[in-house]
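Contents: one structure, followed by commentary.
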Amino acid sequence: MDMELRGQPLPMTHVQRVQRLYRQSLRLSADWYWERSEWREKAMLIRDYFEVNRGVTNMKEADELCNMTEVILAKYHHPAPFKYATAPGGTKWERNIPFPKELLDKFVPFDNST
1 MDMELRGQPL PMTHVQRVQR LYRQSLRLSA DWYWERSEWR EKAMLIRDYF
51 EVNRGVTNMK EADELCNMTE VILAKYHHPA PFKYATAPGG TKWERNIPFP
101 KELLDKFVPF DNST
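Residue numbers (the UniProt record's numbering): 1 to 114.
See below:
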């Protein structure tokens, strides 16, 4: 029986895990190096690290490399990661919330002329 039918999520493949680690590594480096030229140097080093280990076929060794990368990511986690201004937690998040339509329908304008 398919695992999704039982309500359990499908396990992540090794390729998905490596892709997510690579992406997290790039985002973490962008948090620490906000200047594009500095970040690009670090991104190239991260890419080289992943490319060197690309040919690993032993799954135990590959799993150890992934675990080691997760430890490194946790160690260098940025205390204030970058967030887009309009994203949840950003500086402009819900700053100008649209007025609820229900209240607009019930609104009675104040007439000061009488």
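All residues carry an ideal CB built from backbone N, CA and C; glycine is no exception.
- Annotation for Asn53: no alpha helix (DSSP H) segment contains it, and DSSP assigns it neither H nor E.
- A contact between stretches requires three or more CB pairs, one per stretch, nearer than 8 angstroms, and the region 88-105 fails this requirement with the region 37-50.
- Per DSSP, Arg23 is one residue of the alpha helix (DSSP H) stretching across His14 to Trp32.
- Distances from the CA of Leu73 to each of Ala30, Phe99, Met12 and Val15 were compared; the closest alpha carbon is that of Ala30.
- Apart from sequence neighbours up to five positions away, the residues of its chain that approach Ala87 with a beta-carbon distance below 7 angstroms are Trp93, ordered along the chain.
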